[in-house]
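Visitor: Each residue of the sequence shown is one higher than the one before, counting from 26 in UniProt numbering.
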Amino acid sequence: VSETGSLSIIVLGASGDLAKKKTFPALFNLFHQGFLNPDEVHIFGYARTKLSDQELRDKIHGYLVDEKNASEKADALSKFLQLIKYVSGPYDSEDGFKRLDKAISEHEISKRTSEGSSRRLFYLALPPSVYPPVCKMIKAWCTNKSDLGGWTRIVVEKPFGKDLESAEQLSSQIGALFDEPQIYRIDHYLGKELVQNMLVLRFANRFFLPLWNRDNIANVQIVFREDFGTEGRGGYFDEYGIIRDIIQNHLLQVLCLVAMEKPVSLKPEHIRDEKVKVLQSVIPIKDEEVVLGQYEGYRDDPTVPNDSNTPTFATTILRIDNERWEGVPFILKAGKAMSSKKADIRIQFKDVPGDIFKCQKQGRNEFVIRLQPSEAMYMKLTVKQPGLEMQTVQSELDLSYKQRYQGVSIPEAYERLILDTIKGDQQHFVRRDELKAAWEIFTPLLHRIRDGEVKSIAYKPGSRGPTEADQLLEKAGYLQTHGY
Ligand code: BG6
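#1: Between which two residues does the beta strand (DSSP E) containing GLY70 stretch?
#2: Using a Cβ distance threshold of 8 Å, determine whether the segment 377 to 396 contacts the segment 269 to 276, with at least three qualifying pairs required.
#3: Are there 16 or more other CB atoms within 10 angstroms of the CB of VAL289, so buried, or fewer, so exposed?
#4: Starting from the N-terminal side, write out each stretch of the alpha helix (DSSP H) that is 4 residues or longer and does not extend beyond the segment 240 to 292.
#5: Determine the direct distance from the alpha carbon of LEU151 to that of GLU182, and round the result to whole angstroms.
#6: Please work out which residues of its chain come closer than 7 Å, Cβ to Cβ, to ASP369, disregarding the five sequence neighbours upstream and downstream, and give them in chain order.
#7: Output the distance between the C-alpha atoms of TYR209 and ASN169, rounded to the nearest integer angstrom.
#8: Heavy atom of ligand 1 less than 7 Å from the Cβ of GLN278, yes or no?
#9: Expressed to the nearest angstrom, what Euclidean distance is found between the alpha-carbon atoms of MET363 and TRP464?
#10: Taking C-beta to C-beta, are PHE355 and PRO491 nearer than 8 Å?
#11: What is the DSSP secondary structure of ALA39, reduced to helix, strand or coil?
#12: Short check: CB of LYS45 to CB of ILE85, under 8 Å?
#13: May I ask which residues mark the beginning and end of the alpha helix (DSSP H) holding GLN228?
#14: Hey, would you say the C-beta of ALA165 is under 7 Å away from at least one heavy atom of ligand 1?
#15: Taking the alpha-carbon positions, what's the ARG489 to SER154 distance?
#16: What are the start and end residues of the alpha helix (DSSP H) that includes VAL360?
#17: Which term fits ARG145, buried or exposed, when burial requires 16 or more other beta carbons within 10 angstroms of its beta carbon?
#18: Cα separation between ALA192 and SER103?
#19: With contact counted as at least three CB pairs below 8 Å, one residue from each stretch, are the segment 29 to 37 and the segment 62 to 74 in contact?
#20: Compute the distance between the beta-carbons of LEU215 and ILE179, then report whether it is under 8 Å.
#21: Using CA coordinates, which residue listed in VAL279, ASP204, GLN305, PRO184 is at the minimum distance from GLN221?
#22: Examine ligand 1 and report whether any of its heavy atoms sits within less than 7 Å of the Cβ of GLU251.
#23: For VAL303, I'd like the list of residues in its chain whose CB is within less than 6 Å of its CB, leaving aside the five on either flank, ordered along the chain.
#24: Compute the minimum distance between the beta carbon of HIS213 and the heavy atoms of ligand 1, and state whether it is under 7 Å.
#25: Within 10 Å of its beta-carbon, does ALA165 have 16 or more other beta-carbons around it, so buried, or fewer, so exposed?
#26: Three or more C-beta pairs closer than 8 Å, one from the segment 86 to 94 and one from the segment 107 to 117: is that the case here?
#27: Return helix, strand or coil for ALA483, following the three-state DSSP convention.
#28: Which first and last residues belong to the beta strand (DSSP E) in which LEU89 is found?
#29: Is residue 20 near ligand 1, with its Cβ less than 7 Å from a heavy atom?
#30: What is the DSSP secondary structure of LYS464, counted as helix, strand or coil?
#31: Take GLU190 and list the residues in its own chain whose beta-carbon comes closer than 7 Å to its own, dropping the five residues that flank it on each side.
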């Protein structure tokens, strides 16, 4: 991080789940790796609960290290915790935010060097319903006013609204207070190693350039599965469902990187311009290209209504109506309470014309990028079965990160993204027009689900989801290959 001066990181919603599980651990890891300079940084927690500085530290302590590395990190941990201060107050009260500003200013005076500026990063680990009042308060009382320069930035998490209209309303409210370069909309999938690798893979490798199009690719699948249900979050989840929770943001962002044209440069605006074009080229989703599911037992959660139609599983086919992709189905699939926990991208190539080996039935070429767990890329291809006879077999060219990059630890998505917010790099954040285009794609379907016009089919927890989803894949031209 090249800029100098005081850096205040303010975590609003400091005692909540997201802050404890993701934000503070990511900050600690950055600190531990030397990215947060203790001579410059202070971290402030803000929330409604009355707590002392020490009580907040005690609350988050257990999330920062695990038993295995506790002793090795003990020294860094105690230094990190000392940087944390806490201010309590409501999310819409002048008084609370004035006290917060005072605490930040005191810190800035104590850390500022003569050439230093003051940098203020507000991380809203809060439900979106309080974004507008909180942003208003930050704008009125807590922005950087130093004449030595610096900045004020706001980090927000999804869900950004529930549909196009509510998202646009939220965007206008925040947009009236802060400029786009100050707003960082996190989609943590954009911080994952193999998602960040996507553009390198596509545009730095001659192999893929001529093949990445409708002439060669039969279909693309982007799949997310979790092997647990909505335990403990049923109330939240029922309002949103799997499309808003995973598909409209995480999987759609991945789709953009798979489908976009080469950007003019790596400048964030150039990359995001290309992503927006992809989203704008998606044609309306047809009901017959959607399968929704809900796992049995989901409604047993007392916070979930007995007649809920909220999908915990969905397969939807998106079609990109442009020169590169017309006719290629992009199958987005996500499910909770499935048989395994996995996220991957599967590019299936068309059959080879003139099958002289009669090997087509063994399966097509497929290129798979496994985002998690165990990051890997592998290519399924046909080879001669070793031996005297001329027989073919499907085999794999495999790049498994654990084996290839032994000893290299892959950073957590949140670490990377928080570091970007401090550096001022918006490449891996969602721009306002991108968000709008994403909502435009899914809003009509979401409204039909809300109105009960598209129903969720029951599936067994621990299964592959409704069999109708596999039938839809087949109809879309996906050819099941050996071993999948
Ligand atoms: C979150 C969703 O955005 O992503 C959760 O709200 C989901 O429902 C999580 O479990 C998955 O993230 P990851 O990084 O574990 O794949």
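For each residue, glycine too, the CB sits at the ideal point set by N, CA and C.
Guide: For this structure:
#1: Start and end: 66 to 72.
#2: No, they do not touch.
#3: Burial call: exposed.
#4: Taken in chain order, the unbroken stretches of alpha helix (DSSP H) that lie wholly in the segment 240 to 292 and span 4 residues or more are 259 to 267, 277 to 284.
#5: The straight-line gap from Cα to Cα measures roughly 8 Å.
#6: Cβ neighbours of ASP369 beyond the five flanking positions: VAL248, VAL393, ILE394, ARG395, LEU396.
#7: Each residue's Cα considered, the two are about 17 Å apart.
#8: Not one heavy atom of ligand 1 lies closer than 7 Å to the C-beta of GLN278.
#9: Spanning the two alpha carbons is a distance of roughly 26 Å.
#10: Taking the C-beta atoms as reference points, PRO491 is found no nearer than 8 Å to PHE355.
#11: Assignment of ALA39 by DSSP, reduced to helix, strand and coil, places it in the coil class.
#12: Between LYS45 and ILE85, the gap from beta carbon to beta carbon is short of 8 Å.
#13: The question names Gln, but residue 228 is Phe in the sequence shown. 223 to 228 is the span of the alpha helix (DSSP H), which, as asked, contains PHE228.
#14: Checking every heavy atom of ligand 1 against the Cβ of ALA165, none is found closer than 7 Å.
#15: When only Cα atoms are considered, ARG489 and SER154 end up about 34 Å apart.
#16: One point to set straight first is that residue 360 is Gly, not Val, in the sequence displayed. No alpha helix (DSSP H) contains GLY360, which is instead part of the beta strand (DSSP E) from 354 to 360.
#17: By the neighbour-count definition (other C-beta atoms within 10 Å, threshold 16), ARG145 is a buried residue.
#18: Spanning the two alpha carbons is a distance of roughly 41 Å.
#19: The segment 29 to 37, when compared against the segment 62 to 74, does touch it at the 8 Å Cβ threshold.
#20: For LEU215 and ILE179, no; Cβs fall outside 8 Å.
#21: Answer by Cα proximity: VAL279.
#22: Yes.
#23: Excluding its 5 nearest sequence neighbours in each direction, VAL303 has C-beta neighbours in its own chain below 6 Å: CYS281, ALA284, MET285, listed in chain order.
#24: HIS213 Cβ: within cutoff of ligand 1.
#25: With fewer than 16 other Cβ atoms from the protein chains shown falling within 10 Å of its own Cβ, ALA165 counts as exposed.
#26: With fewer than three CB-CB distances shorter than 8 Å, the segment 86 to 94 does not count as touching the segment 107 to 117.
#27: DSSP, reduced to helix, strand and coil, places ALA483 within a strand of the structure shown.
#28: Where LEU89 is concerned, there is no enclosing beta strand (DSSP E), although the alpha helix (DSSP H) around it starts and stops at 78 to 89.
#29: The requested residue 20 does not occur in the structure, where the chain is confined to residues 26 to 509.
#30: It is worth fixing the name first, because residue 464 is Trp in this sequence and not Lys. The answer is helix: DSSP assigns TRP464 an H, G or I state.
#31: The same chain holds no residue with a CB closer than 7 Å to that of GLU190 once the five nearest residues on each side in sequence are set aside.
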